[in-house]
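Written below as structure tokens is the structure these notes are about.
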Amino acid sequence: MALRFAPVNVPLKRRIQTVAVLQWIFSFLLLAQFCCGFFVILILGNFWFLAVLYLLWLYLDWETPCAGGRRSQWVRSWTVWKYFREYFPIQLIKTSDLNPNHNYLLGFHPHGVLVAGAFGNFCTGPSFKNLFPGLTPYLHIMPIWFSCPFFREYVMSAGMVSASKESVSYVLNNEGGGHASIIVIGGAEESLNAHPGSLTLNILKRKGFIKMALKHGAHLVPVFSFGENELFKQVANPKGSWLRNVQEKLQKIMGFALPLFHARGIFQYSFGLIPFRQPIHTVVGSPIPVKRNLNPTTEEIEQLHAIYLQELRKLFEEHKGNYGIPEHKTLIFE
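full-length UniProt numbering applies: residue 1 is where the sequence shown begins, and numbers increase by one.
If you want it as structure tokens, here you go:
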């Protein structure tokens, strides 16, 4: 395969944007392992007492990811995130007001390979705050990441919290309203479907978020991120193939999926782990009013789930023409 190199006269700003995205890729794929390795070095080295102190801190702070986290506006406002968003670019689109007197559960679709739209819109920059004043977003991620020394502090500073039931309940229990839980509904399993052009969502069996919304009276808001699946190419893994079977088994064992993806490099456009420069438009739909029901029946959960699917499809159909989706294409729920 012949490499297609980037021209030497690329503007400095674009180079900085690429470096910002490279930093994000490193953080997403390797930083947790690096932090764990550093912790082991502390234990085995002359600074073991620092590791002991951190273990004490970890014990005392263990529940924080399930209790709203510990965000840092300084970290969320780093200039590197501005260049990160501009690389694609990433844009948040509002279709309806969200009353800050209520709490909301935003269902984010699709997962994509690395959930770039969710991170860029809800963990960095002022877009969400400017469009939805009075609301504080909490992006829920897999609890396993909060077991990683030091890394947990970093992701919490960006406004990420655990995806456990306790964590979602904590956010949605805010009596004064003004909280927004963002849950990537398809989860890690859906990342295995993240091929360019794919519109398949893992959602038919995912009803836990519906039950949480009912228990807390949190209004449901469908969110669709156009362009999320266009950032990377994946090795072909159709359902039933040996690769897909291996990936699904590993996902069940480890709790997260391992999509074999690639895109472009830093100085060439033919191969690498840097995502393609494809725009991401994250469209926030209208809220679905939900009345509090501490003990919802299966029928009530099914009914609200059906309404959510209907509103999600409606959101997609109304906006797909704006973002290059052919008229004959539609969402596939499985």
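Even for Gly, the Cβ is constructed at its ideal location relative to N, Cα and C.
This one's a predicted model, so the numbers in the text were calculated from it and none came from an experiment.
In the three-state reduction of the DSSP assignment, HIS109 falls in the strand class. Your pair LEU114 and PHE28 checks out as a contact, with CB atoms roughly 6 Å apart and the cut at 8 Å. Here THR200 is near GLU334, since their CB atoms are less than 8 Å apart. According to the DSSP assignment, ILE16 belongs to the alpha helix (DSSP H) that extends over 12-29.
Unbroken alpha helix (DSSP H) runs of no fewer than 4 residues, entirely contained in the region 97-169, are found at 116-122, 127-131 and 151-157, following chain order.
Beta bridge pairing from DSSP links SER225 with THR282. For GLN73, the uninterrupted alpha helix (DSSP H) run begins and ends at 73-76, by DSSP.
For ASN103, the closest alpha carbon among the candidates PHE88, TYR83, THR18 and TYR170 is that of TYR170. When HIS195, PHE226, GLN268 and ARG292 are compared, the shortest CA-CA separation from GLY324 is found for PHE226.
Taking each of ARG85, MET212 and PRO222 in turn and checking the Cα distance to ILE301, the smallest one comes out for MET212.
Going by DSSP, GLN91 is part of no alpha helix (DSSP H) but of the beta strand (DSSP E) stretching over 90-94. In the three-state reduction of the DSSP assignment, PHE84 falls in the helix class. Beta-bridge partners assigned by DSSP to SER181: LEU105 and TYR138. For GLN268, there is no enclosing alpha helix (DSSP H), as DSSP marks it with neither H nor E. For PHE49, the uninterrupted alpha helix (DSSP H) segment begins and ends at 48-61.
Between the alpha carbons of ALA188 and ALA257 lies a gap of roughly 5 Å.
Of the candidates TRP24, GLU327, ARG71 and GLN303, ARG71 places its Cα closest to the Cα of PRO137.
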